[in-house]
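Undergrad: Pasting a structure here, questions to come.
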Amino acid sequence: METLETPKPVVVLVPFPLQGHLTPMLQLGTILHSRGFSIVIAHTQHFNPPNPTNHPEFTFFPLSDGLSGRDTSSTGNFLEIISAINTNCKQPLEKCILNKLQGQVACIIYDSLMYFVDDVAHQLKLPSIFFRATTAVYMQSYYAVLALEEKKMIPLPESQLQEPVPELHSVLRYQDLPISVSSKISETLIQFIKNFSNIRSSVAVIWNSVEMLDHSALQQLQHQYQVPCFPLGPIHKLSPSPSQTSLLPEDTTCITWLDKHAPKSVLSRSLGSLATMGDKELVETAWGIANSGQRFLWVVRPSSVNGVPMICRPCFGDQMMNARFLVHVWKMGIELGKVVERESVEKAIRMVMVDELGNEMRHTAVEMKGKLELSVRKDGSSYRSLDELVEFIISLIHTQKMN
2 METLETPKPV
12 VVLVPFPLQG
22 HLTPMLQLGT
32 ILHSRGFSIV
42 IAHTQHFNPP
52 NPTNHPEFTF
62 FPLSDGLSGR
72 DTSSTGNFLE
82 IISAINTNCK
92 QPLEKCILNK
102 LQGQVACIIY
112 DSLMYFVDDV
122 AHQLKLPSIF
132 FRATTAVYMQ
142 SYYAVLALEE
152 KKMIPLPESQ
162 LQEPVPELHS
172 VLRYQDLPIS
182 VSSKISETLI
192 QFIKNFSNIR
202 SSVAVIWNSV
212 EMLDHSALQQ
222 LQHQYQVPCF
232 PLGPIHKLSP
242 SPSQTSLLPE
252 DTTCITWLDK
262 HAPKSVLSRS
272 LGSLATMGDK
282 ELVETAWGIA
292 NSGQRFLWVV
302 RPSSVNGVPM
312 ICRPCFGDQM
322 MNARFLVHVW
332 KMGIELGKVV
342 ERESVEKAIR
352 MVMVDELGNE
362 MRHTAVEMKG
372 KLELSVRKDG
382 SSYRSLDELV
392 EFIISLIHTQ
402 KMN
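Structure representation (structure tokens):
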């Protein structure tokens, strides 16, 4: 007698459509799919939609975002774009769940910038889980900004910017906060911070972070939120198989060239997925690299003009804090000043590629890499956290059935 296969529980993922947010969310989908869940990706229709052909194991539902024809390449109108997405995608997501997934959804996991999702989940009586693609200490830094605003201490005088932030790790100064506190912050920006830092009625929080690096902040935020927290970082290491997540076509022609050179003999230069540089900084950086005499690979996006040490040039967001930890806590990098000149770039490159300091940082970086790899193996902290997350989602299913 033929038996009917029990349908898999559905987890709906709602990513924010920027590379640094979309990639870990899709990787989380791959991880949860390998653990027996059916994955639905509810994504923006026009702004950076993921390519469904790269993930045939997922179901994709586009949400009308109202951004067709709008310029979304600039960071200047970033808050407007986020506001538009959170306004326009709310009704489409609700209709999608009601019309196509009713009675099937175990939970909705949403990126913190897609804060409208919690309202939808609450309306439909579905549990929501808050996802942060960054460290817990980065989220803490925004609470520090809000605390300063509430105490009416912004703007801070320039002389105070070098002082440590009392609520954060002792190495972090006011000038390392993700929002400049040396000038008045608009009410629009303050409201945005409040929106994406509020977990609302979410029943849990997922972090792309590691217990060993983020222990204090994770503990403090778990106490603040009073819901389970699951640090799964580095998420790409937990994924059972590599997947294509890039929003831009990837150029692999450099691989042949790289294969001709010895390990650890090439400098990699990249701005990431959003940061840009002016013409002068571009020229000074190029000359500094060229004058260093080191082989290099420079990744350049069309719109832009880790077991190794790093040369940090933080631009915005969590980059300032990441650079501070890399240089002063983990001792794995050096930081360029705000004014980039070819001499400082050349000196920094020689320090990490040629000098003894570079060898010391390389040794530290390899040790750190080993510890991070242990965290995602069986019995490692992130692996255990994943097991606990899976059990937690299954418990949500049982709770819904009882209700």
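Under the working numbering, read the sequence shown as residues 2 to 404, first letter to last. Glycine is no exception: its CB is placed at the ideal position from the N, C-alpha and C atoms.
Assuming Gln-1 and Thr-246 are in contact, meaning their beta carbons sit under 8 Å apart, how far apart are those beta carbons, in whole angstroms?
TA: Residue 1 lies beyond the stretch modelled for the chain, which goes from 2 to 404, so this question has no answer here.
Undergrad: When you compare the region 108-124 with the region 83-95, are there three or more beta-carbon pairs, one atom per stretch, that lie closer than 8 Å?
TA: At 8 Å Cβ cutoff, the stretches touch.
Undergrad: By how many angstroms is the C-alpha of Thr-45 removed from the C-alpha of Pro-167?
TA: So the two alpha carbons sit approximately 39 Å from each other.
Undergrad: Any beta carbon of chain D sitting closer than 9 Å to that of Lys-379?
TA: Given the protein chain composition of this structure (a single chain), no chain D is represented.
Undergrad: Answer yes or no: do Thr-60 and Ile-42 have a C-beta to C-beta separation smaller than 9 Å?
TA: Yes, the Cβ-Cβ distance between Thr-60 and Ile-42 is below 9 Å.
Undergrad: Would you grab the beta carbon distance between Tyr-143 and Ser-198 for me? Rounded to a whole angstrom, and I think it's under 8 Å.
TA: That belief holds up - the Cβ atoms of Tyr-143 and Ser-198 are roughly 5 Å apart, short of 8 Å.
Undergrad: State the Cα-Cα distance for the pair Lys-1 and Gly-289, rounded to the nearest angstrom.
TA: Because the chain here runs from 2 to 404, residue 1 falls outside it and cannot be looked at.
Undergrad: Under the three-state reduction of DSSP, which class applies to Pro-53: helix, strand or coil?
TA: Helix, per DSSP.
Undergrad: For Gln-320 and Thr-286, what's the separation of their Cα atoms in angstroms?
TA: Cα-Cα distance, rounded: 18 Å.
Undergrad: Using 10 angstroms around the beta-carbon of Pro-16, count the other beta-carbons present and answer buried if the total reaches 16, otherwise exposed.
TA: So Pro-16 ends up on the buried side.
Undergrad: Out of Pro-229, Glu-368 and Lys-339, which one is the CA nearest neighbour of Lys-332?
TA: If we check each option's Cα against that of Lys-332, Glu-368 comes out closest.
Undergrad: State the beta-bridge partners of Thr-45 as determined by DSSP.
TA: Answer by DSSP bridge pairing, in chain order: Leu-64.
Undergrad: Just verifying my parser: in three-state terms, what is the DSSP assignment at Ser-304?
TA: The predicted model places Ser-304 with a pLDDT of 43, which falls under 50 and marks its position as unreliable, so this point remains unresolved.
Undergrad: According to the Cβ coordinates, are Leu-99 and Pro-235 closer than 9 Å?
TA: Against a cut-off of 9 Å, the Cβ pair of Pro-235 and Leu-99 comes out as no contact.
Undergrad: Does DSSP classify Asp-319 as helix, strand or coil?
TA: If DSSP states are grouped into helix, strand and coil, Asp-319 belongs with coil.
Undergrad: Would you call the CB atoms of Ile-110 and Val-12 closer than 9 Å?
TA: Taking 9 Å as the Cβ cut-off, Ile-110 and Val-12 qualify as a contacting pair.
Undergrad: How many Å lie between Gln-220 and Thr-257 at the Cα?
TA: Roughly 45 Å between the two C-alpha positions.
Undergrad: Measuring only the C-alpha atoms, how far is Gly-334 from Phe-79?
TA: Between Gly-334 and Phe-79, the C-alpha separation is close to 30 Å.
Undergrad: Touch check for the region 155-171 and the region 180-197: three-plus C-beta pairs under 8 Å?
TA: Result yes; three or more Cβ-Cβ pairs closer than 8 Å.
Undergrad: Taking the continuous alpha helix (DSSP H) assigned at Ala-366, which residues delimit it?
TA: Per DSSP, Ala-366 belongs to the alpha helix (DSSP H) from 357-376.
Undergrad: Since Cys-313 and Leu-298 should fall inside the 8 Å C-beta cutoff, what is the C-beta to C-beta distance between them, to a whole number of angstroms?
TA: Contact flag wrong, Cβ pair sits at about 18 Å.
Undergrad: Work out the CA separation of Pro-18 and Gly-318 for me, nearest whole Å.
TA: Approximately 16 Å between the Cα atoms of the pair.
Undergrad: Out of Asp-177, Arg-296, Ile-40 and Val-355, point me to the one whose CA is closest to Lys-9's CA.
TA: The candidate whose alpha carbon is nearest that of Lys-9 is Ile-40.
Undergrad: From this set, Met-311, Asp-356, Gly-359 and Asn-360, which residue's C-alpha is nearest Glu-336's C-alpha?
TA: Glu-336 has its Cα closest to that of Met-311, out of Met-311, Asp-356, Gly-359 and Asn-360.
Undergrad: Would you list, in sequence order, the uninterrupted beta strand (DSSP E) runs of no fewer than 3 residues that lie entirely inside the region 117-162?
TA: Entirely contained in the region 117-162, the beta strand (DSSP E) runs reaching 3 residues are, in chain order, 129-133.
Undergrad: I need the boundaries of the alpha helix (DSSP H) containing Ile-219, first residue and last residue.
TA: In the sequence as presented, Ile is not what sits at residue 219; that position holds Leu. Its alpha helix (DSSP H) spans residues 212-226.
Undergrad: Could you name the residues of the same chain whose beta carbon sits closer than 7 Å to that of Val-106, not counting the 5 residues immediately before and after it, in chain order?
TA: Only Val-11, Val-13, Ile-98 and Leu-127 meet the Cβ criterion.
Undergrad: Grouping DSSP H, G and I as helix and E and B as strand, with all else coil, what is Met-2?
TA: Because the pLDDT of Met-2 is 41, which lies under 50, any placement of that residue in the model is unreliable, and the number read from its coordinates should be weighed accordingly. DSSP places Met-2 in coil when its eight states are reduced to three.
Undergrad: Where do the ends of the beta strand (DSSP E) carrying Gly-334 lie?
TA: Residues 334-336.
Undergrad: Pull up the DSSP beta-bridge partners for Trp-208, would you.
TA: For Trp-208, which the question treats as bridged, DSSP gives the partners Arg-133 and Pro-232.
Undergrad: Measuring alpha carbon to alpha carbon, tell me which of Gly-371, Pro-51, Ala-263 and Asn-323 ends up nearest Gln-295.
TA: Answer by Cα proximity: Ala-263.
Undergrad: Count the other C-beta atoms from every protein chain shown that fall within 10 angstroms of the C-beta of Val-340, then say buried if there are 16 or more, exposed otherwise.
TA: With fewer than 16 other Cβ atoms within 10 Å, it is exposed.
Undergrad: If you measure between the beta carbons of Ile-207 and Leu-390, is that distance less than 9 Å?
TA: Cβ distance < 9 Å, so Ile-207 and Leu-390 count as in contact.
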